[in-house]
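Number of protein chains: 2
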Amino acid sequence: MKPVKVGLLGLGTVGTGVIRIVEGHQEDLSRQVGSPVVIEKVAVRSLDKKRNIEIESSKLTDNPWDVIRDPEIDIIVEVMGGVNETKAYILEALDRGKHIVTANKDLMALYGSEIVAKAQEKQCDVFYEASVAGGIPIIRTLIEGFSSDRIMKIMGIVNGTTNYILTKMSLEGASYDDVLREAQQLGYAETDPTSDVEGLDAARKMTILGTLGFRTDIELKDVEVRGISSVTKEDIVHAKRLGYELKLLGIADREEEEVSISVQPTMVKSTHPIAAVNGVFNAVYVYGEAVGETMFYGAGAGEMPTATSIVADLIAVVKNLKLGVNGLKAIVPYKPKKLKSDDQISYKNFLLLNVADKAGVLAQITQVFAEYDVSLESVVQSPNANTSDAEIIIVTHNASKANMDKVLNHFESLDVIHRVKSVYRVEG
Amino acid sequence: MKPVKVGLLGLGTVGTGVIRIVEGHQEDLSRQVGSPVVIEKVAVRSLDKKRNIEIESSKLTDNPWDVIRDPEIDIIVEVMGGVNETKAYILEALDRGKHIVTANKDLMALYGSEIVAKAQEKQCDVFYEASVAGGIPIIRTLIEGFSSDRIMKIMGIVNGTTNYILTKMSLEGASYDDVLREAQQLGYAETDPTSDVEGLDAARKMTILGTLGFRTDIELKDVEVRGISSVTKEDIVHAKRLGYELKLLGIADREEEEVSISVQPTMVKSTHPIAAVNGVFNAVYVYGEAVGETMFYGAGAGEMPTATSIVADLIAVVKNLKLGVNGLKAIVPYKPKKLKSDDQISYKNFLLLNVADKAGVLAQITQVFAEYDVSLESVVQSPNANTSDAEIIIVTHNASKANMDKVLNHFESLDVIHRVKSVYRVEG
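So the sequences go chain by chain: A and B.
Following numbering that gives the first Met the number 0, the numbering of the first sequence begins with 0 at its first residue and continues without gaps.
Following numbering that gives the first Met the number 0, the numbering of the second sequence begins with 0 at its first residue and continues without gaps.
Here's what the structure looks like:
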């Protein structure tokens, strides 16, 4: 049988994993797809670099165009990262009728619809399971497993670095800075951790999940983003005392046809399944109108988990190739996008306030909430040994974002409130 | 566009859910598959029964053959249950070139390979996502999501009734009999609960998961089965004290090419993700060589979750129909089956013994373990206020099932052991 020929763009950690699986599981692969699968050519940054894997030097090139333009190659696996240059490679590969498997969340979050449209035009497959939550087959699940249902809510722990940091802070009472430093030493966080800790990485992944879940074209700019760099030990202690865990959650929800999507540190009821997801693990919680609560848990990154998803996509492309049906099952968002306004976005809020320690303060504060129609679930005066201020913890009932913004705005002009120390969304 | 016509066998809870989704989501369905999907004919037990759903009486028949033999019908959705008669319907439907979507775990566990072989011969699809773990798309995940990986272990809470009972016993300290009675009143357990509580239902589902995960033809008789009817409050208290939850777990594992598969009440480390799966929820934990730990969680039964899976399968069949590729992606087990012998099956064990309360007893007991090469992780003498016996709790290190059987056999002839009260597998 004629082997299927694959070109690989990038030979970092994940690319190495792809070669390991394709070569190590050749018999299983052949059984499933009906012919051998061969890594034909690999574009690398430097030809001389020492590698963790043996590969014939004749297969290596430092020019990605050599791979894209090789007429022998049927499928491009893109694991080099980057956006603009990479997009050019992918679009030309599609123009040449090659199918694409990519792990590139940045590319798919920014240019997914353009790439999928081009693939449709050329009857090519574009699969990107590995771009979200590494080894967890969540994209397949949203496209096929829940094809019959109406997804109403997706909550994701989709960034391992921040979950590692928050878990450590929670379990060990450590500070953000200390844990970040440790995570950097362990290789769980980048030297410049901004994209992870400020929530941008998670926002890209939520863009992809929201688009698939709601079948509407969610763009990165639609995602409200807040990171974890201002989370304190104290916040986590307060969360625990109230029965919550603090997690960086991507939340995409919808009512009727209106959707909202955000990434923010969120207090999740500790009995909620996603609250127990610790360390570098990822999980995606999906609530479907018919199916109810579901959750998908696993490694969100790493050489082999990510490579598992890539090679699963590769197998799917090869099966389609054998059947002659590539590009015919693409999901193109078909619902017009309707984003919720701040009046329609509604959730519970946790607030930690430093206030003047004198009579009548609580009355003034609760009066402000009442003025903007925000009702309160609980108000606790917390002991504060360190200062002469009093500390007040408030959990609201569901309140619109618009009204909460008004409350917070009003607080700025209220002398008895010395500082709004923390505000978090509350879930579950 | 010509509508796709579906025949439904059975109109109980799940069948009603299928009609609700197909009719309620018609626009979404048409968008996805490119034509309307119509429930054309429905076989029911009694034509006169009052129903929770409106359906034209002209579509109803009390003769399943009317549905099977209707040349207009493309796809049969089987939700009537039963084995022998149902198998005859399915096989004839396949003979007539109709595709099958079924929720019937009993049928698939017993005759899955015969049915899939017939489907292959006739180039028909047979999908059965709903047969295991209701709304959780675990079959898709094993077939497609992890197509690139080597699955080494599957652990499943795949029976909601028993998980509800054990959860209640654990959270409320209630007795098995009391909780079972309550579960029957709530409709979570059948009047005759044998198939659930004795583990047979779970065994059928594990047969299906094992076959797909290991790509070898696991049969129901290969599954060692033990139910929960002898689990006591006391066992659960002891489990908790040692940091475990007691769950009815299906466990399929493999080393190299040798597999073993069982269903039994198991003590799971409380930090393991599956230990937190409570109530009627189901979860399947999958460990893949490359992907590592994953878990899939959701509703294991119920009208709408199960119907979600059925209609997702229906959509997949219709898409294949449009592309002309039905029956070409079936998974046929291709690995020769090698079952582990009792020498090769190995795990930790928990034992609760009633022993004579006198000097030298512990020495005699530990001597027996030593004789059969079973080493011990912990031995605790537990207070026992009620009797004059002493109570000893032992947790072994990994030990072969063969050796543990010898130990237990030897115990029968040991006078100082008055009773082996409990023996459980320990995981995690």
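For glycine and all other residues, C-beta sits at the position ideal for the given N, C-alpha and C.
Since the model is a prediction, treat every value here as computed from it, not as a measurement.
Proximity to B/I416 across B/E376, B/V367 and B/S374 peaks at B/V367, based on C-alpha coordinates.
For A/E71, there is no enclosing beta strand (DSSP E), as DSSP marks it with neither H nor E. Taking 8 Å as the threshold, the shortest C-beta distance from B/E181 to chain A does not fall below it. With the rule of 3 Cβ pairs closer than 8 Å, the region 399-419 of chain A does not count as touching the region 36-55 of chain B.
About 17 Å separates the CB atoms of A/S146 and A/I207; that is not less than 8 Å, and the two are not in contact. Taking a Cβ-Cβ cut-off of 8 Å, A/K97 has no neighbours in chain B, whose nearest Cβ is about 20 Å from it.
Apart from sequence neighbours up to five positions away, the residues of its chain that approach B/K420 with a beta-carbon distance below 7 Å are L351, L352 and N353, ordered along the chain. Checking the DSSP bridge columns, you'll see A/I416 partnered with A/V354. Unbroken beta strand (DSSP E) runs of no fewer than 3 residues, entirely contained in the region 210-290 of chain A, are found at 243-254, 257-268 and 280-287, following chain order. With a threshold of 16 other beta carbon atoms within 10 Å, B/R253 meets it and is buried.
Residue B/L199 holds the alpha-carbon nearest to the alpha-carbon of B/L219 among B/K86, B/L199, B/I235 and B/H237. When Cβ-Cβ separations below 8 Å define contact, B/P304 makes contact with chain A. The Cβ atoms of B/K4 and B/E39 lie closer than 8 Å to each other.
For A/Q122, none of the residues of chain B pass the 8 Å Cβ criterion, the least Cβ distance being about 12 Å.
Contact between A/Q183 and A/T193 fails: their C-beta atoms lie close to 12 Å from each other, not under 8 Å. With respect to the C-alpha of B/K405, the residue from B/D221, B/V157, B/D341 and B/V13 having the closest C-alpha is B/D341.
At a C-beta separation below 9 Å, B/M294 has these neighbours in chain A: A282, M294, F295, Y296 and G297. Put simply, the CB of B/A275 is near chain A, with a gap under 8 Å to one of its CB atoms.
DSSP places A/K152 within a strand segment (E or B) once states are collapsed to three.
For A/T166, the secondary structure class from DSSP, reduced to helix, strand or coil, is helix.
By a beta-carbon distance limit of 8 Å, A/G278 does not contact B/T293. Their separation comes to about 14 Å. In the three-state DSSP reduction, B/Q122 falls in the coil class, being neither helix nor strand.
Using a CB distance cut-off of 8 Å, B/D341 does not count as an interface residue toward chain A.
For B/L320, the enclosing alpha helix (DSSP H) has its first and last residue at E302 to L322. For B/E53, no beta strand (DSSP E) run applies, since DSSP gives it neither H nor E.
If you draw a straight line from the Cα of A/T210 to the Cα of B/S229, it comes to about 49 Å. In this chain, B/L141 is not harboured by any alpha helix (DSSP H), its DSSP state being neither H nor E. The CB of B/Y333 comes closer than 8 Å to the CB of R30 in chain A, given here in chain order. A/G226 and A/T161 have their C-alpha atoms some 9 Å from each other. Taking 7 Å as the upper bound on Cβ-Cβ separation, chain A lies near residues G134, I135, P136, R139, T140, E143 and G144 of the region 133-144 of chain B.
Residue-level contact check: A/K246 does not touch chain B, since none of the beta carbons of chain B fall below 8 Å from its beta carbon. In chain A, no part has a C-beta under 9 Å from the C-beta of B/L208; the shortest such distance is about 15 Å.
For A/D65, the CB contacts under 8 Å within the same chain, skipping 5 residues up- and downstream, are K40 and A42 in chain order. For A/E256, the number of other beta carbons within 10 angstroms of its own is below 16, and it is reported as exposed.
B/G6 has a beta carbon lying at 8 Å or more from every beta carbon in chain A.
Chain B has no Cβ within less than 8 Å of the Cβ of A/H409.
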